[in-house]
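S.K.: Below: one structure in structure tokens.
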Amino acid sequence: MTLIRRNLAGALILGIPFLWIALFMLLPYGIIVTYSFWIKTYPTFKPAFQFGNYLTLFTDPQYLQVMLRTLKIALLVSLCSFLLAYPFAFYLVFRCKSAALRTWLYMAVIAPLWVSYLLRAYVWKTILGTEGILNSFLMSVGIIDQPSDIFLYNQFAMVVTLTYIFIPFMVMPIYTALEKIPLNLTEASADLGMGPWRSFWHVTLPLSLPGVAAGFTLTFCLSFGDFVAPFLVGGPDGNLMANVIATQFGAALNWPLGSALAIVMLVVVLSIVSMSDRLERKGAAGGF
Amino acid sequence: MAAIIELENISKHYSPTIIGVDKVSLAVEDGEFVTLLGPSGCGKSTLLRMIGGFEEPTAGTIRLADKDVTWDPPYKREVNMVFQDYALFPHMTVGQNVAYGLKTMKVAKSEIATHVRDALTLVGLYDKVDQRPQQLSGGQRQRIALARAIVRKPKVLLLDEPLSALDAKLREQMQLELKHLHEKVGITFIMVTHDQGEALVMSDRVVVMEKGRIAQQGKPQDLYDHPASPYVANFIGTTNFLPGQMAATGAGLVSIEIGAGTISALPDVALPKGGVVTVGFRPEKARLLAEGETAENILEGKIAEVIYYGLGLRVAVELANGERVSVDSLLPDRLARSAVPVVGAPARVAVEPHNVFVFEGSVAP
Numbered sequence: 013m014t015l016i017r018r019n020l021a022g023a024l025i026l027g028i029p030f031l032w033i034a035l036f037m038l039l040p041y042g043i044i045v046t047y048s049f050w051i052k053t054y055p056t057f058k059p060a061f062q063f064g065n066y067l068t069l070f071t072d073p074q075y076l077q078v079m080l081r082t083l084k085i086a087l088l089v090s091l092c093s094f095l096l097a098y099p100f101a102f103y104l105v106f107r108c109k110s111a112a113l114r115t116w117l118y119m120a121v122i123a124p125l126w127v128s129y130l131l132r133a134y135v136w137k138t139i140l141g142t143e144g145i146l147n148s149f150l151m152s153v154g155i156i157d158q159p160s161d162i163f164l165y166n167q168f169a170m171v172v173t174l175t176y177i178f179i180p181f182m183v184m185p186i187y188t189a190l191e192k193i194p195l196n197l198t199e200a201s202a203d204l205g206m207g208p209w210r211s212f213w214h215v216t217l218p219l220s221l222p223g224v225a226a227g228f229t230l231t232f233c234l235s236f237g238d239f240v241a242p243f244l245v246g247g248p249d250g251n252l253m254a255n256v257i258a259t260q261f262g263a264a265l266n267w268p269l270g271s272a273l274a275i276v277m278l279v280v281v282l283s284i285v286s287m288s289d290r291l292e293r294k295g296a297a298g299g300f
Numbered sequence: 241m242a243a244i245i246e247l248e249n250i251s252k253h254y255s256p257t258i259i260g261v262d263k264v265s266l267a268v269e270d271g272e273f274v275t276l277l278g279p280s281g282c283g284k285s286t287l288l289r290m291i292g293g294f295e296e297p298t299a300g301t302i303r304l305a306d307k308d309v310t311w312d313p314p315y316k317r318e319v320n321m322v323f324q325d326y327a328l329f330p331h332m333t334v335g336q337n338v339a340y341g342l343k344t345m346k347v348a349k350s351e352i353a354t355h356v357r358d359a360l361t362l363v364g365l366y367d368k369v370d371q372r373p374q375q376l377s378g379g380q381r382q383r384i385a386l387a388r389a390i391v392r393k394p395k396v397l398l399l400d401e402p403l404s405a406l407d408a409k410l411r412e413q414m415q416l417e418l419k420h421l422h423e424k425v426g427i428t429f430i431m432v433t434h435d436q437g438e439a440l441v442m443s444d445r446v447v448v449m450e451k452g453r454i455a456q457q458g459k460p461q462d463l464y465d466h467p468a469s470p471y472v473a474n475f476i477g478t479t480n481f482l483p484g485q486m487a488a489t490g491a492g493l494v495s496i497e498i499g500a501g502t503i504s505a506l507p508d509v510a511l512p513k514g515g516v517v518t519v520g521f522r523p524e525k526a527r528l529l530a531e532g533e534t535a536e537n538i539l540e541g542k543i544a545e546v547i548y549y550g551l552g553l554r555v556a557v558e559l560a561n562g563e564r565v566s567v568d569s570l571l572p573d574r575l576a577r578s579a580v581p582v583v584g585a586p587a588r589v590a591v592e593p594h595n596v597f598v599f600e601g602s603v604a605p
């Protein structure tokens, strides 16, 4: 009796999550993969097994351009986040003497994560827009005498917005990686004749690379799949892959092509994740 | 021989009340092996780190080969440190670790490999040159850390509790290896340890530290046989302490009243009659007398406890006034079981006058 009850409990504890994953993750993946091979025949689609949709994506300059643009934006966002996050994390871990200040600054970076993502993206519209804070500031200082529309609705605005939104995901892993480096390694480096810059280059930076890799993976993948920033601040030429996918499932009514694009996106993200995973494991095994 | 390192009134005060090191002056001869010995918090590690340049003194001067280096950063000093947990770079091979310090020296690229090989051969680990530090045992890492420091041919090698992370057997072996290495390379060694055994085995000179100051310094045997204070007597080796009062002063030989009788001693300094003193002697310098045997200094009591530790016995004897003293006795052979004292039996402890320490005051540690 108790055995049965225990088995039943076990089945429930494991079964429900399995069911959930099967129903809401594996099944949709399957559906999308299947759709990606179908053919669009107006007004609906016809089951098939052919690679026409994938061929279209990689031959039609319109889609190729969107994919390259998405790649570019995601790389720029990761790079900007890295250039801003690394010195900041370095300061927090090695230079900030007061533990209270360190915690406070770290929390200041993390706290925006608790604010709605949509709101954080929207904020940049009010900063960069023609009626926005940036324009009124520049006008009040006298640098420009008419509101400028060059700040909003372009790729620059997207990179700024996405960097702002995703930078905590770069700070956190780098901070953790730097914190794990024993202080006596930098002392040993100094002891062996290396000045602060060379010590950083030879010891601190290589040992923090797993954190950098994790940060790049997170910010890259998150901005690669972003939908909201192009929508809010991207403008007419700011469409990214996620927006195109949405269009294919909506107005364009071409589910097979949308599915193929989604699969391409998934493959890119999964490759990045597995690459970074390998890099981190190598780092854990003692470096690069 | 000239002094290679000179510390002049070196102090490290963290605040007016928190004092790490207080006005320490010390000169270390070229080629000497000096040990800074003391309990944790006595300032020995801080002193070493100031010599290495990792901390700045709040007052005083450090001279390395007659040059003032007090404010030089570590990478400008011709000293190298072996860190407590070795601080080997995990992302480099053993060979790269050892070669690291040569990059900043005027060593031709082609010669680096030769230097690395020589240093690793010196510590007997050249076959590990392509391995990562994580793949090595604690003792091996210790040797790699030594090789990495020695390859730069520093004027002084600093060792911060170098053996504390090793297990007892390996530690004993490494003590001798370090000592032999020191003799072989001829570099000045300054080591920090809290292990008195280590200090006695390895050093030419031991500097005992107490609360940021030097309590006493000297050759290991001098410190052991002539401790200047109960603190030193207690920190190096084991000492029985008894409160006493000077009963009579003779020519060298004095008589001291202790609660359980009188004891004669040959103190290093003259002490006034009637003065309060602390008497000390080491367990291994005292012995239990056989029945009918006579000796100069006899303390009577009864056996309170017998501890067997393989090499011999440590017997605690309770004196007539309740004070306890320990006496070591070696068992002559494996058949001598009958010689083991019985708890509760009367006992007589004898210690020769020249083996009795006399310290002024009643400050038993």
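The listed protein sequences correspond, in order, to chains A and B.
Counted the way my numbering counts, the first sequence spans residues 13 to 300.
Counted the way my numbering counts, the second sequence spans residues 241 to 605.
Think of the CB as a built atom: it goes at the ideal place given N, C-alpha and C, for glycine as much as any other residue.
1) Taking C-beta pairs closer than 9 Å, name the residues in chain A that residue 313(B) reaches, listed in chain order.
2) Give the interface partners of residue 292(A) over in chain B, defined as CB-CB distance under 9 Å, in chain order.
3) Are residue 520(B) and residue 480(B) touching if we call contact CB-CB under 8 Å?
4) Quick one: is residue 288(A) near chain B, going by C-beta distance under 8 Å?
5) From the DSSP output, which residues share a beta bridge with residue 505(B)?
6) Just how far apart, CA to CA, sit residue 242(A) and residue 146(A)?
7) Can you tell me the Cβ-Cβ gap for residue 251(A) and residue 239(A), rounded? I've got them flagged as a contact below 8 Å.
8) Within the same chain, show all residues whose beta-carbon is closer than 7 Å to that of residue 253(A), passing over the 5 residues directly before and after it, in chain order.
9) Where does residue 264(B) sit, in a helix, a strand or coil, going by DSSP?
10) Tell me which same chain residues have a C-beta within less than 7 Å of the C-beta of residue 516(B), skipping the five on either side of it?
11) Taking 8 Å as the threshold (beta carbon to beta carbon), is residue 215(A) in contact with chain B?
12) Under 8 Å, do residue 564(B) and residue 557(B) count as touching if we go by C-beta distance?
13) Compare the C-beta of residue 340(B) with all C-beta atoms of chain A and state if any pair is closer than 8 Å.
14) Should residue 48(A) go down as buried or exposed, given a rule of 16 or more other Cβ atoms within 10 Å for buried?
15) Among 140(A), 184(A) and 126(A), which one has its Cα closest to the Cα of residue 222(A)?
16) Expressed to the nearest angstrom, what Euclidean distance is found between the alpha-carbon atoms of residue 245(B) and residue 384(B)?
17) For a quick check, are the C-beta atoms of residue 249(B) and residue 300(B) less than 8 Å apart?
18) Starting from the beta carbon of residue 327(B), find every residue of chain A whose beta carbon is closer than 8 Å, and list them in chain order.
19) How should residue 457(B) be labelled, buried or exposed, when 16 other C-beta atoms within 10 angstroms of its C-beta is the threshold for buried?
20) With a 10 Å radius around its C-beta and 16 neighbouring C-beta atoms as the bar for buried, classify residue 267(A) as buried or exposed.
21) Measure the alpha-carbon distance for residue 110(A) versus residue 260(B) and round it to whole angstroms.
22) Since residue 498(B) and residue 483(B) are thought to touch, with beta carbons under 8 Å apart, how far apart are those beta carbons, to the nearest angstrom?
23) Classify residue 358(B) as helix, strand or coil using the three-state DSSP reduction.
24) Should residue 73(A) be flagged as near chain B, meaning a C-beta pair shorter than 8 Å?
25) Please confirm whether residue 414(B) and residue 282(B) have their CB atoms less than 8 Å apart.
26) 8 Å is my cut-off, CB to CB: does residue 331(B) come that close to chain A?
27) Where does the unbroken beta strand (DSSP E) through residue 199(A) begin, and where does it stop?
28) Note down, in chain order, every chain A residue with its Cβ under 7 Å from the Cβ of residue 595(B).
29) Please name the residue, chosen from 280(A), 193(A), 279(A) and 199(A), that lies closest to residue 316(B) on a Cα-to-Cα basis.
30) The beta strand (DSSP E) with residue 466(B) in it runs from where to where?
31) Check the C-beta distance from residue 274(B) over to residue 447(B) and give it rounded, since I have them as a contact under 8 Å.
32) In whole angstroms, give me the CA-to-CA distance for residue 284(A) and residue 365(B).
33) Which residues mark the beginning and the end of the beta strand (DSSP E) in which residue 449(B) is found?
34) Whether or not the segment 139-154 of chain A and the segment 228-239 of chain A are in contact is what I'm after, with contact meaning three or more pairs of Cβ atoms, one per stretch, closer than 8 Å; do they touch?
35) Looking at the ligand SAM, does it come within less than 7 Å of residue 343(B), judged from the CB to the closest heavy atom?
36) Mark residue 260(A) as exposed unless 16 or more other C-beta atoms lie within 10 angstroms of its C-beta, in which case mark it buried.
M.R.: Inspection of the coordinates gives the following:
1) 202, 207 and 208
2) Scanning chain B for C-beta atoms nearer than 9 Å to the C-beta of residue 292(A) yields nothing, as the closest lies near 13 Å away.
3) A contact, by the Cβ cut-off of 8 Å.
4) no
5) Note: residue 505(B) sits in a beta bridge opposite 494(B).
6) 20 Å
7) Rounded, the Cβ-Cβ distance is 10 Å, inconsistent with contact.
8) 78, 79, 82, 273 and 277
9) strand
10) 485, 601 and 602
11) yes
12) yes
13) yes
14) Classification for residue 48(A): buried.
15) 184(A)
16) 25 Å
17) In this structure, residue 300(B) lies closer than 8 Å to residue 249(B) by Cβ.
18) In chain order: 194, 196, 197, 199 and 200.
19) Counting the other Cβ atoms within 10 Å of the Cβ of residue 457(B) gives 16 or more, which makes it buried.
20) buried
21) When the Cα atoms are used, residue 110(A) and residue 260(B) turn out to be separated by approximately 21 Å.
22) 7 Å
23) If DSSP states are grouped into helix, strand and coil, residue 358(B) belongs with the helices.
24) no
25) no
26) yes
27) From DSSP, residue 199(A) is part of no beta strand (DSSP E) but of the alpha helix (DSSP H) over 195-203.
28) In chain order: nothing, as chain A lies at least about 44 Å away.
29) 199(A)
30) It is not in any beta strand (DSSP E) - residue 466(B) carries neither H nor E in the DSSP assignment.
31) 6 Å
32) 40 Å
33) 445-450
34) no
35) Here there are no bound small molecules, and the ligand SAM is not part of this structure.
36) buried
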